[in-house]
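Chemist:
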Amino acid sequence: MWSQLRTIWTVFQHTFMRNETVEYPDEMPYAAPRYRGRIILTRDPDGEERCVACNLCAVACPVDCIALQKTEREEDGRWYPEFFRINFSRCIMCGMCEEACPTYAIQLTPDFELCEFNRDSMVYEKEHLLINGPGKYPDYSFWGVAGKTIEGKDKGEALNEAPPTDHRSLLP
Amino acid sequence: MATIIVDGERYEAKAGQNVLEAVLSQHLDLPYFCWHPAMGSVGACRQCAIMEYADENDERGRMVMACITSVRDGMRLSIAAPHAARFRESVIEWLMENHPHDCPVCEEGGECHLQDMTVMTGHSQRRYRGTKRTWRNQDLGPFIGHEMNRCITCYRCVRFYRDYAGGTDLEALGSRSRMYFGRAADGKLESEFSGNLVEVCPTGVFTDRPFSKQYTRKWDLQSAPSVCPGCAVGCNIFPSERYGDLKRVHNRYHGEINGYFLCDRGRFGSHFVNDPSRIRKAGMRVDDEVFEARGADTAIDALGEMLRDGKAVGIGSPRASVEANFALRSLVGRDSFCNGLGEGDAELIALALDIHGRGGARIPTLTDVEAADAVLVLGEDVLNTAPRVALAMRQAARGTAFEMAGAAAIPDWQDAGIRGHAQGRLSPVFLATTLPTRIDDIAADTLHATPQDIARAGYAIAHRIDGDFAAPEGAVADDFVDRVAAALGKAKQPLIVTGTGSADPAVMQAAANIAWALRARGGDPALLIAPHEANSFGAGMLDGGLTLDAALEAVRSGAARTLVVMENDLYRRADYERVDAALASGAEVVVIDSIENATAQAANLLLPAATYAECNGTFVNYEGRAQRFYQVFEPAAEDEIAPSWMWIRRAAKAAGRDGCDWSGIEDLVRACAENVPALAAIPEAAPTAGYRGKADTRIPRQPHRYSGRTAMRADVNVHEPKPTVDDETPFAYSMEGQNTGRQPGAAVPYVWSPGWNSNQSVFKFQQEVGGGLSGGDPGVRLIAAETGSNGADARPFRSPPAAFASGDGFRLLPLHAIFGSDELSARSWPVAETSPSPYIVLNPEDARELGVARGDGVKCDALPVSVEVRIDAAMTPGTAACVCGLPDMPGPLPADPVEFVRDPDFERATEIIARG
Ligand code: SF4
Ligand code: SF4
Ligand code: SF4
Ligand code: SF4
Ligand code: FES
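Going down the list, the sequences are from chains V and D. According to this note's numbering, the first sequence holds residues 2 to 173 in order. According to this note's numbering, the second sequence holds residues 89 to 1004 in order.
1. So the alpha helix (DSSP H) ILE93(D) belongs to, where does it begin and stop?
2. Name, in chain order, the residues that DSSP records as bridge partners for PHE118(V).
3. My understanding is that PRO985(D) touches HIS359(D), with C-beta atoms under 8 Å, so please give their C-beta distance in whole angstroms.
4. Using the beta-carbon count (16 or more within 10 Å), is GLN854(D) buried or exposed?
5. Mapping the DSSP letters down to three states, classify ARG250(D) as helix, strand or coil.
6. Using a threshold of 8 Å, state whether the C-beta atoms of ASP944(D) and VAL957(D) are closer than that.
7. Under three-state DSSP, which class holds ARG526(D)?
8. Mind checking if THR1031(D) is an interface residue toward chain V, Cβ cutoff 8 Å exclusive?
9. State yes or no: is the C-beta of ILE928(D) within less than 8 Å of the C-beta of VAL953(D)?
10. Please state the DSSP three-state secondary structure of VAL107(D).
11. Hey, how far is the Cα of LEU615(D) from the Cα of ALA173(D)?
12. Listed from N- to C-terminal order along the chain, which residues in the region 249-281 of chain D have their beta-carbon within a distance smaller than 9 Å of any beta-carbon of chain V?
13. Given a cut-off of 8 Å, decide if ALA32(V) and PRO111(V) are closer than it, judged by their beta-carbon atoms.
14. For ligand 3, any of its heavy atoms closer than 7 Å to the Cβ of PHE281(D)?
15. Can you name the residues that DSSP bridges to TYR268(D)?
16. Could you name the residues of the region 212-232 of chain D whose beta carbon sits closer than 7 Å to any beta carbon of chain V, in the order they occur along the chain?
17. Do ARG830(D) and LYS782(D) have their CB atoms nearer than 8 Å?
18. May I ask you to list, following chain order, the residues of the region 81-107 of chain V that have a beta carbon less than 7 Å from some beta carbon of chain D?
19. Could you check the C-alpha separation between TYR664(D) and HIS168(V) for me, to the nearest Å?
20. May I ask you to report which of helix, strand or coil DSSP gives VAL130(D)?
21. In this structure, what does DSSP give as the bridge partners for VAL677(D)?
22. Output the boundary residues of the beta strand (DSSP E) element that contains SER328(D).
23. Look up CYS970(D) in the DSSP assignment and say whether it is helix, strand or coil.
24. In chain order, which continuous runs of the beta strand (DSSP E) of length 3 or greater are located wholly inside the region 137-221 of chain D?
25. Helix or strand or just coil, what does DSSP make of GLY1004(D)?
26. Under 7 Å between beta-carbons, which chain V residues line up against ASN237(D)? List them in chain order, please.
27. Have a look at ALA381(D), GLU431(D) and ALA520(D) and flag the residue whose alpha-carbon is nearest the alpha-carbon of ARG1032(D).
28. Leaving out five residues on either side along the sequence, give the residues of the same chain with a beta carbon under 7 Å from the beta carbon of GLN105(D).
29. Please report the straight-line C-alpha distance between TYR138(V) and LEU57(V), rounded to a whole angstrom.
30. Can you list, in chain order, the residues of its chain whose CB lies under 7 Å from that of ASN133(V), leaving out five sequence neighbours each side?
31. Helix, strand or coil: which one does DSSP assign to ASN339(D)?
32. Would you call the region 381-399 of chain D and the region 594-601 of chain D in contact, with 3 or more CB pairs under 8 Å?
33. If contacts are defined as beta-carbon pairs under 8 Å, then HIS75(D) and MET139(D) qualify, I think. What distance do you get, rounded to the angstrom?
34. Which word fits PRO26(V), buried or exposed, when buried means at least 16 other C-beta atoms lie within 10 angstroms of its C-beta?
35. According to DSSP, is GLN226(D) part of a helix, a strand, or is it coil?
36. So what's LEU351(D) in DSSP terms, helix, strand or just coil?
Now the structure itself:
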């Protein structure tokens, strides 16, 4: 009896509390930048695609909803995904892919509005995923750290690299 | 046997082994880099540190390098001891100081021994803050990529390339911290075994370039145990697929054949599977030029009609499985079946099988080849026709070094010690070939002559060993004969290597005579006869009632109204005119093949056959070993590709023929074994489809981390299809199930073990490092491998040929090219880029008389195009060597002499590689 009365009292108290429910979609709730919503592929500070098609996101994904194929651009030697596909109808927004990505290419965003009437519409290809900016990490450039040469970054020019060694040198 | 105690547990070990081998043989985890099971120890990397204790009271112990410490009975060791573990972690940290931040863009990533060892030692935080060394890379040709920054200076590459494979153009250059592993200058790596660098290098310095172009991580590759279709050696391979493309071929360890290494034809020769010119749909010729895809059902109905109408002739193929050949033979009847070997080849293969059947000499595995203490190669350019045999022969040449080391109590894994002690001394290897070969550097003596004269020398050697054997009349190369006879006579395990390459039965007969002569003198000879195609012996065992010429004649004359050609390009097997006459005779020509070729272009009805990667089957290799290859992936659903035998089964049904309604490949294998006595044992080559192992699971074709399953096909349909249930094999098109290594060796689809993502994990699948697979080495020998009691049947051959005498014109002699002579691999783009354009080799005198120099072109009636001239003083005057099997070259060479004239309009193709 006492317990029931106490419950009724608690419910009654809520009448005077601040309203948590928002009038979605007329009013948008706040989602923090690190909210785990719709996934994007970002670009390097130099504007090129960040993703190097390393497949780490794909293997990290617990539901296996990422598939991609590596290719290489003849002109600049960068690795790219030839195609990059996320099946959002399978994605559980766990963020493992972002965690695994060594280039900050794949990022989850605060956009959670991913409803479709048709499951087919939830299959996103690279052109749907790729945005024009660096996302949450404006400064990082994987190619500036990696040892592999690309157009515009020779051996010895990456972070903490000495100039190329001359193996013909006879100096002690 | 010795007992060692590791971390308190007692294990068996072999005395004389090193400690690393011993612990790995027990499937314990101990990191290492520079040691390689096939190349021994040099103690360079210090990664394999382990603690050794004097006795049970010793608590301090001392640290030793496992790979250069011999096992002693009662030895007390510890892998887990903190001191050794810390040391191993430090070694990795040092190696990592200069390592680039490359893993995401490195082809080795995910199957990298350096990654594995880093994780295994526990090194996780970079403390070094200085700069990293960098290097410039080299262009090493179409096969191998180079990314020198990733090197950890373990020396494995040069030890394989130079010491093991005899290459000269890859070197360790530089001094102190400037060590560079590359060539003196950019250029294609010359060795025919360069692809093994990809697997030997524990890091991503040397990578598979064609694979990189369409790169996929190892964890995403679907694989199955398979057998190389490149030649008759039958190396075991792992072909791997993703998104419907065959991505790469890796070595599949076989304890008696290929061991850890493949040749480059095998490794890079499989991209024909992805070729855009693949036949993908069943088609019918609607008028002279135009082919139309008409759907499989219509095509089969039409074929059924043709078969019902009149007599059909079937031509099989030595590049198709025994099952497919047997299916065709069942369809057309034995009397109307030809096994697809050309006239000359058929005779040679039958002779080879006859010689092996008579007994009297062992048929050597490649391990036996390596153990031979004297080798004679008679008339076969093995490096170009059975490449992996040449690599094994190089190891045989090192036998003396091991023997000397044994006498000096140097253990057999002590690589540097053995080399230093031997000072380059080699076991006797003798090479009798038409032209110098790229293994002449290990030869004690060589003879360059026509096949006829080589055969005479062979007869003379046999006669010199045992006077009862027929001697040739007239002069032979006496010095050579004496030296060979003496060396073979002294040897404990002499080996004679020959093959079908010189297209002369006398050569093979002479080789058999030598082996039998040695046997008659109480020796234990081995005789290796190398045919040229993956299933030459299988086709030979399935002989039908027709020779190729008879089959073609039956079609030409109208005796047969329908010709069914399966996986064979007849223009490679018989004269152009003969084939043309048959194909244009008005008979219905049905071609079942995977690739577009001249025969397929002449077909009225074309059925798309599966390649070796898309079907199951059996090949019989040079040892007479039947080995099963399994389907790696399913052809795309929109294509009509199906195994040849399935087309045949459907055709038989449509035609209302009995006896061809096999329920599946297993049923077909059984039927084949029951009907062909020589093939009676083939069901034992591999486990049945019902095999489930202890865990009662199928064996997965995909590693357990296979990714993207819910997205790969989502662009077509967001609902994932149910994986195909494979009733034909013990494998599943899925990642579920167990691949533990305890299953039969023939059923290992990939190697992986916890903590060992790289191919080094193979030791977990072996009984002991470098030994047989835990589940037994694959395959079943169809011909007795040992000399049995039937050795008495070995009646020697008694008709040595007459000496070669030059007359008018040039006698054409066959040459073979590792890259180009094999039909399928020549369609693989990396191999095609490396193949030579057609050429002939002339003696300098002859060339002068013809008025041609190196690089000029000549033409003759027998060759459809003008060919480039190369000149070699070793060429017998009056002969011209011509590379067989290249596009535009005739299959069988004309027996009659030909006349060459200079072609003033000839333009030399730009050579990608300077060779020959
Ligand atoms: S958020 Fe999770 S489920 Fe979605 S793609 Fe990334 S890893 Fe896969
Ligand atoms: S982990 Fe990052 S870089 Fe690698 S494939 Fe995924 S998105 Fe691209
Ligand atoms: S290139 Fe590879 S195999 Fe050669 S020394 Fe460096 S790490 Fe070792
Ligand atoms: S081509 Fe011959 S030697 Fe080379 S890998 Fe294939 S089977 Fe082995
Ligand atoms: S493996 Fe023992 S020192 Fe390199």
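Glycine included, C-beta positions come from ideal geometry on N, C-alpha and C. Being a predicted model, the structure only gives us computed values, none of them experimental.
Modeler: With the given structure in hand:
1. Taking the second sequence and counting its residues from 1, the one referred to as residue 93(D) is at position 5. It is not in any alpha helix (DSSP H) - ILE93(D) instead sits in the beta strand (DSSP E) that spans 90-94.
2. Along the first sequence, read from residue 1 onward, the residue named residue 118(V) stands at position 117. The partner list for PHE118(V) (beta bridge, DSSP) is empty, contrary to what the question assumes.
3. Position 897 of the second sequence, counted from the start, is the residue given in the question as residue 985(D). Position 271 of the second sequence, counted from the start, is the residue given in the question as residue 359(D). Going by Cβ atoms, the distance from PRO985(D) to HIS359(D) rounds to 39 Å, so no, they are not a contact pair.
4. The residue you call residue 854(D) lines up with position 766 of the second sequence. GLN854(D) should be labelled buried.
5. Translated into the one-based positions of the second sequence, residue 250(D) becomes position 162. ARG250(D): helix per DSSP, three-state reduction.
6. Taking the first residue of the second sequence as 1, we reach residue 944(D) at position 856. Taking the first residue of the second sequence as 1, we reach residue 957(D) at position 869. Yes.
7. For the purposes of this step, residue 526(D) is taken as the residue at position 438 of the second sequence. Three-state DSSP puts ARG526(D) in coil, outside helix and strand.
8. Since the first and last residues shown for chain D are 89 and 1004, residue 1031(D) lies out of range.
9. As a first step, residue 928(D) must be located in the second sequence, where it is residue number 840. As a first step, residue 953(D) must be located in the second sequence, where it is residue number 865. In this structure, VAL953(D) does not lie closer than 8 Å to ILE928(D) by Cβ.
10. The count along the second sequence starts at 1 and reaches residue 107(D) at position 19. Helix.
11. Stepping through the second sequence from its first residue, residue 615(D) is reached at position 527. Stepping through the second sequence from its first residue, residue 173(D) is reached at position 85. Distance between the alpha carbons of LEU615(D) and ALA173(D) is about 50 Å.
12. LEU261, GLY262, SER263, ARG264, SER265, ARG266, MET267, TYR268 and GLY270
13. On the first sequence, residue 111(V) is found 110 positions in, with the first residue counted as 1. On the first sequence, residue 32(V) is found 31 positions in, with the first residue counted as 1. Contact annotation: PRO111(V) and ALA32(V) have beta-carbon atoms nearer than 8 Å.
14. The residue labelled residue 281(D) in the question sits at position 193 within the second sequence. No, since every heavy atom of ligand 3 falls outside the 7 Å radius drawn around the Cβ of PHE281(D).
15. Along the second sequence, read from residue 1 onward, the residue named residue 268(D) stands at position 180. According to DSSP, which records beta bridges pairwise, TYR268(D) is partnered with LEU261(D).
16. THR219, LYS220, ARG221, THR222, TRP223 and ARG224
17. Translated into positions along the second sequence, residue 830(D) becomes position 742. Translated into positions along the second sequence, residue 782(D) becomes position 694. Yes, Cβ-Cβ distance for ARG830(D) and LYS782(D) is below 8 Å.
18. ARG86, ILE87, ASN88, SER90, ARG91, PRO103 and THR104
19. As a first step, residue 664(D) must be located in the second sequence, where it is residue number 576. As a first step, residue 168(V) must be located in the first sequence, where it is residue number 167. Their backbone Cα atoms lie some 55 Å apart in a straight line.
20. The sequence position of residue 130(D) within the second sequence is 42, counting from 1. In this structure, DSSP gives VAL130(D) a state outside helix and strand, which the three-state scheme calls coil.
21. Along the second sequence, read from residue 1 onward, the residue named residue 677(D) stands at position 589. Answer is LEU651(D).
22. Counting from 1 along the second sequence, the entry for residue 328(D) is found at position 240. That run of the beta strand (DSSP E) goes 324-330.
23. Start at 1 with the first residue of the second sequence, and residue 970(D) comes out as number 882. Strand, per DSSP.
24. 137-141, 150-153 and 163-166
25. Sequence index remark: in the second sequence, residue 1004(D) carries index 916 (1-based). For GLY1004(D), the pLDDT reaches just 34, beneath the cut-off of 50, and the residue's location in the model is therefore unreliable, although a value from the coordinates is still provided. GLY1004(D) falls in the coil class under three-state DSSP.
26. Here residue 237(D) corresponds to residue number 149 of the second sequence, with the count starting at 1. In chain order: GLY148.
27. Residue 1032(D) falls outside the range modelled here, since chain D spans only 89 to 1004, and no answer is possible.
28. Translated into the one-based positions of the second sequence, residue 105(D) becomes position 17. Answer for GLN105(D): VAL159, listed in chain order.
29. Residue 138(V) sits at position 137 when you count from the first residue of the first sequence. Residue 57(V) sits at position 56 when you count from the first residue of the first sequence. Rounded to whole angstroms, TYR138(V) to LEU57(V) spans 19 Å at the Cα level.
30. In the first sequence, counting from the first residue as 1, residue 133(V) sits at position 132. ARG44.
31. Here residue 339(D) refers to the residue found at position 251 of the second sequence. In the structure shown, the three-state DSSP call for ASN339(D) is strand.
32. no
33. Because chain D in this structure spans residues 89 to 1004, residue 75(D) falls outside the shown range and cannot be described.
34. Here residue 26(V) refers to the residue found at position 25 of the first sequence. Under this definition PRO26(V) is an exposed residue.
35. Numbered from 1 along the second sequence, position 138 holds the residue referred to as residue 226(D). GLN226(D) falls in the coil class under three-state DSSP.
36. For this step, residue 351(D) is matched to residue 263 along the second sequence. The question names Leu, but residue 351(D) is Cys in the sequence shown. In the structure shown, CYS351(D) sits in coil (DSSP, three-state: anything other than H, G, I, E or B).
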